[in-house]
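Have a look at the structure below before the remarks.
Residue numbers (UniProt numbering): 1 to 171.
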């Protein structure tokens, strides 16, 4: 009697992503999980990047040089690296690579959230940030330059407007 089932029974080693190429044709790119060695490298790089951000390193700080970034994308995309590089725009390539990285380092659900929003989990995407900024400037939350009405506390009734005086006739 075996205590453990084979990993294949519940472990998903493939991510299939629909990406529209520069030719306008949508293709499904089948990204397989990385080798153990590549997985360890990807984990190390993303952990170091997370520590830099948590430590207050400026966003402009370049964690990877160009060659290291290419190696990271190759490790995340595997055999789909070359086809994606040749068939899609830079924005779609990078979005696909980062989605794969989220899948490898976190989980499928996080990768799906990134795929749909383009934002790191827990951080709002550009559209959500704009919406939040617009909501923040609404009458409900923004400071108003209109002066509030004066208090009538302590008065019985509002003053009645005065009638104009008639000019007296002179003799």
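Backbone N, C-alpha and C define an ideal beta-carbon position, used for all residues, glycine too.
Identify whether residue i lies in helix, strand or coil by the three-state DSSP scheme.
i: residue 18; result: strand
i: residue 32; result: strand
i: residue 68; result: helix
i: residue 26; result: strand
i: residue 12; result: coil
i: residue 38; result: helix
i: residue 89; result: coil
i: residue 78; result: helix
i: residue 50; result: helix
i: residue 6; result: coil
Within 10 Å of its beta-carbon, does residue i have 16 or more other beta-carbons around it, so buried, or fewer, so exposed?
i: residue 72; result: buried
i: residue 5; result: exposed
i: residue 64; result: exposed
i: residue 84; result: buried
i: residue 3; result: exposed
i: residue 214; result: Examination of residue 214 is not possible in this model, given that the chain is present from 1 through 171 alone.
i: residue 54; result: exposed
i: residue 111; result: buried
What whole-angstrom Cβ distance do residue i and residue j have, given they're in contact under 8 Å?
i: residue 87; j: residue 22; result: 7 Å
i: residue 29; j: residue 96; result: 7 Å
i: residue 51; j: residue 75; result: Actually they do not touch by this definition, with Cβ atoms about 19 Å apart.
i: residue 13; j: residue 33; result: 4 Å
i: residue 31; j: residue 80; result: 5 Å
Which residue marks the beginning of the alpha helix (DSSP H) containing residue i, and which one marks its end?
i: residue 111; result: 108-117
- request: Would you check if the stretch 15-35 and the stretch 99-114 touch, i.e. whether three or more CB-CB distances between them fall below 8 Å?
  value: yes
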